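Trainee: Provided herewith is a single structure, encoded as structure tokens, for subsequent inquiry.
Numbering (my numbering), first residue to last: -4 to 160.
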């Protein structure tokens, strides 16, 4: 009896289900998606995603890994479960386990955020958690550059460390 139970658990636990992605009509599915934004030959950001669905005016992305660049230097890296890229503007909306980590190891965690490509701003409408070198705080509503150096907190904040007004 123990052997049958062990075999059942082994077989059931090892069974992998294919991830089902709903692809709308007229859309294209891509595995291993890569795109970058550049202005006058200088790369501004480099996006890799595990998969993507190209729709009419946006690209739905999964397994997001976005590097914000200053020429070829990495300013920060954004990761998330999924998101959208608006093709016309290059704006990004990231959802699920969103993390931004700078080259100085400053960290921002939230459930969702937007990237305003034209103004080069990270925007968080909801709750976020920030961890810096000498400060740690939580708040609601944030606007920042990709290096998380110039932060504007919109609604509330609480934590420890030095915050300039």
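Yeah, the Cβ is synthetic: ideal placement off N, Cα and C, and Gly gets one too.
Keep in mind it's a predicted model, so treat the numbers as computed, not measured.
Pick out whichever of 79, 95, 87 has its Cα sitting closest to the Cα of residue 104.
Mentor: Here the question's residue 104 lines up with position 109 in the chain shown. Nearest of 79, 95, 87 to residue 104, Cα basis: 95.
Trainee: I think residue 150 touches residue 135, with their Cβ atoms under 8 Å apart; what is that distance to the nearest whole Å?
Mentor: Walking along the chain shown from the start, residue 150 turns up at place 155. Walking along the chain shown from the start, residue 135 turns up at place 140. In this structure residue 150 touches residue 135 by the C-beta definition: roughly 4 Å separates them, less than 8 Å.
Trainee: Work out the CA separation of residue 75 and residue 89 for me, nearest whole Å.
Mentor: Reading the chain shown from its first residue, position 94 is the one you call residue 89. Reading the chain shown from its first residue, position 80 is the one you call residue 75. Rounded to whole angstroms, residue 89 to residue 75 spans 6 Å at the Cα level.
Trainee: From 111, 79, 146, 66, pick the residue whose C-alpha is nearest to that of residue 34; which is it?
Mentor: Here the question's residue 34 lines up with position 39 in the chain shown. Nearest C-alpha to residue 34 among 111, 79, 146, 66: 66.
Trainee: Residue 115: which of 42, 99, 140 sits nearest, CA to CA?
Mentor: Counting from 1 along the chain shown, the entry for residue 115 is found at position 120. Per the Cα distances, 140.
Trainee: State the beta-bridge partners of residue 111 as determined by DSSP.
Mentor: Counting from 1 along the chain shown, the entry for residue 111 is found at position 116. According to DSSP, residue pairing for residue 111 in a beta bridge involves 116.
Trainee: Going residue by residue through the stretch 39 to 67, where are the continuous beta strand (DSSP E) segments of at least 3 residues, counting only ones entirely within it?
Mentor: 53 to 65
Trainee: Residue 75 bridges to which residues according to DSSP?
Mentor: The count along the chain shown starts at 1 and reaches residue 75 at position 80. Within the DSSP bridge table, the entry for residue 75 names 59 as partners.
Trainee: Alpha carbons only, please: which of 112, 121, 113 is nearest the one belonging to residue 106?
Mentor: Residue 106 sits at position 111 when you count from the first residue of the chain shown. Of the candidates 112, 121, 113, the one whose C-alpha sits nearest the C-alpha of residue 106 is 121.
Trainee: On the CB-based measure, 16 or more other CB atoms within 10 Å of its CB, does residue 127 come out buried or exposed?
Mentor: Taking the chain shown and counting its residues from 1, the one referred to as residue 127 is at position 132. Residue 127 should be labelled buried.
Trainee: Would you give the residue range spanned by the beta strand (DSSP E) that residue 87 belongs to?
Mentor: Residue numbering aside, residue 87 sits at position 92 when the chain shown is read from its first letter. Residues 87 to 97.
Trainee: So what does DSSP say about residue 105, is it helix, strand or coil?
Mentor: Here the question's residue 105 lines up with position 110 in the chain shown. In this structure, residue 105 counts as strand in the three-state DSSP scheme.
Trainee: For a test of the three-state rule: what should DSSP assign to residue 145, helix, strand or coil?
Mentor: On the chain shown, position 150 is the one that residue 145 refers to. Reduced to three states, the DSSP call for residue 145 is coil.
Trainee: In terms of residue numbering, what span does the beta strand (DSSP E) encompassing residue 138 cover?
Mentor: To locate residue 138, count along the chain shown from 1; it is residue 143. Annotation: the continuous beta strand (DSSP E) that includes residue 138 extends over 131 to 139.
Trainee: Does the beta carbon of residue 72 sit closer than 8 Å to a beta carbon anywhere in chain C?
Mentor: In the displayed structure, chain C is absent; only one protein chain is listed.
Trainee: Please classify residue 155: does DSSP put it in a helix, a strand, or coil?
Mentor: Locating residue 155 in the chain shown gives position 160, counting from the first residue. Three-state DSSP puts residue 155 in a strand.
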